[in-house]
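Novice: Residue numbers (the working numbering): 1 to 342.
For reference, the structure I am asking about is given below.
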Amino acid sequence: MGARPAGPLFAAALAMAACTPAGGLSPTRAATAPVATSPGLPDAATVTASARATSIAASWRRIADIPTARSEVAAVLFRGGIYVIGGFGGGSVVERYDIGLDRWSRAPDLPVSVDHAMAAAIDAGDGAGIYLMGGNAGAPIARAFVLAPGASSWREIARMPNPRSQAAAAVLGSVVYVVGGFDGARLVAPTYAYDVTTDRWREVAAILTPRDHLAGAALRGRACAIGGRMLSLTTNLAAFECYDPQRDAWVRMPDAPTPRGGVGAATYGDKLVFVGGEQPNGTYREVELFDAATARWSRLPDLPTPRHGLGVVASGPVVYVMSGGPTPGGSQIPICEALTLQ
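Right, dumping it as structure tokens:
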């Protein structure tokens, strides 16, 4: 376990900012068809994507280093712990961070070594557990697994309809949505929905902007996809789109201020925090917040240790950033940090 400084590393109020990717890149964005607005979330026509000032403050602090440095991980919050799963440098290793104790422990290993996988957690009900879908095991796979509460091993569940890695996942109720990604030959447009109560997959509306290395999160009853890229570090995207299960339709949201792939995101109430990423010349330190109540993006204090392929999880008003790569490609660090939204 690495040394932990006392007190916050950084503290700053949110500031007005117009954000651009490091290195001066001008990422492209795939063309998409118009979509209807959503009653639950304002769409892109409501507000521009420029970052705006708010009264929220936030501060970073260092927490215990993860025992196994890794990147391209999956991470979830489940019953007081954050599980970091697989990844480059991690393989089949699963480690649990106890939020209350600031301490790491080993969890049951995966049945397969995998990176770029998608993970989700369901806290209660018959389907409670940690779910892992797809990922890369030499090539994209369709296999999926669950770690039930108190179980000593992972159990294989129904496979995805097609192999997929470098995608994102979000949970709404008892359904896990897997969006975007790469199947080994091309970007994937279909969205898959897995019902944990029936162990069945179904295909729902396709994502508007197919992409890989994107972030996923649930926000106001929608499964959202943020950022990503089109199979290259030079094609980072700002696209922000949310799936509405009531209408089986995607809603286009205000673009993120900083286009980037290799990112993570997490939500707290009506707020979504967008962290990390990479481009050819380095990794991103920008941290941005989308407030669904106002449909505005804001700039948060910079990530103390810029990185990509990281795990990003929220527990209440605290966003945890776990491991990742400090330089583009397959690098790994054990550093973990936490951002408290005040």
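Glycine included, each C-beta is placed from N, C-alpha and C at the ideal position.
The structure presented is a predicted model; accordingly, all values stated were derived computationally and were not measured.
In terms of residue numbering, what span does the beta strand (DSSP E) encompassing Y284 cover?
Specialist: No beta strand (DSSP E) contains Y284, which DSSP labels as neither H nor E.
Novice: If you follow the beta strand (DSSP E) that E343 is part of, which residue opens it and which one closes it?
Specialist: A query on residue 343 cannot be resolved here, the shown segment of the chain reaching from 1 to 342 and no further.
Novice: Going by the beta-carbon positions, is the gap between A256 and F240 smaller than 8 Å?
Specialist: Yes, they are a contact pair.
Novice: Answer yes or no: do R70 and G89 have a C-beta to C-beta separation smaller than 8 Å?
Specialist: Going by C-beta atoms, R70 is nearer than 8 Å to G89.
Novice: Consult DSSP for I99 and reduce its assignment to one of helix, strand or coil.
Specialist: DSSP places I99 in coil when its eight states are reduced to three.
Novice: Could you pull out every residue in the same chain whose Cβ sits closer than 7 Å to the Cβ of A206, ignoring the five residues on either side in sequence?
Specialist: So the list reads A189, P190, T191, once near-sequence residues are dropped.
Novice: How long is the line joining the alpha carbons of C242 and W154, rounded to whole angstroms?
Specialist: So the alpha carbons of these two residues sit roughly 30 Å apart.
Novice: Between P245 and L172, is the Cβ-Cβ spacing less than 8 Å?
Specialist: Contact: yes.
Novice: Would you tell me roughly how many angstroms separate the C-alpha atoms of I63 and Y320, rounded to the nearest one?
Specialist: The alpha-carbon atoms of I63 and Y320 are separated by roughly 9 Å.
Novice: Keeping to the same chain, check which residues put their C-beta closer than 8 Å to that of E95; ignore five residues upstream and five downstream.
Specialist: I66, P67, T68, Y83, V84, W104, S105, R106, A107, listed in sequence order.
Novice: Nearest-angstrom Cα distance between P210 and I226?
Specialist: Computed Cα separation, rounded: 11 Å.
Novice: Does L303 come out as helix, strand or coil in the three-state DSSP assignment?
Specialist: Coil at L303, not helix or strand.
Novice: For G23, count neighbouring Cβ atoms within 10 angstroms of its own Cβ and tell me buried if that reaches 16, exposed if not.
Specialist: With a pLDDT of only 34 at G23, under the threshold of 50, the placement of this residue in the model should not be trusted; the figure read from the coordinates follows. Under this definition G23 is an exposed residue.
Novice: Please list the terminal residues of the continuous beta strand (DSSP E) segment that includes V313.
Specialist: It spans 311 to 315 - the beta strand (DSSP E) in which V313 sits, taken as one unbroken run.
Novice: In three-state DSSP terms, what is Q279?
Specialist: In the structure shown, Q279 sits in a strand (DSSP, three-state: E or B).
Novice: Less than 8 Å between the beta carbons of V263 and L300, yes or no?
Specialist: Not a contact, by the Cβ cut-off of 8 Å.
Novice: In three-state terms, what does DSSP make of Y133?
Specialist: Before going further, note that residue 133 is Met rather than Tyr in the sequence given. Correct three-state label for M133: strand.
Novice: Report the residue from G125, H116, E288, Q342 whose alpha carbon sits nearest the alpha carbon of P149.
Specialist: Looking at the Cα atoms, G125 is the closest of the given residues.
Novice: Look up S174 in the DSSP assignment and say whether it is helix, strand or coil.
Specialist: Looking at S174 - three-state DSSP - the assignment turns out to be coil, as it is neither helix nor strand.
Novice: Could you give the DSSP three-state label for D126: helix, strand or coil?
Specialist: Of the three classes helix, strand and coil, the one that applies to D126 here is coil, per DSSP.
Novice: Going by DSSP in three states, S165 sits in which element: helix, strand or coil?
Specialist: Strand at S165.
Novice: Can you check whether the CB of Y177 is closer than 8 Å to the CB of A170?
Specialist: Yes, Cβ-Cβ distance for A170 and Y177 is below 8 Å.
Novice: Can S174 and T197 be called in contact, C-beta distance under 8 Å?
Specialist: Yes, they are a contact pair.
Novice: Here's the rule: buried if 16 or more other CB atoms are within 10 angstroms of the residue's CB, otherwise exposed. What is L341?
Specialist: L341 should be labelled buried.
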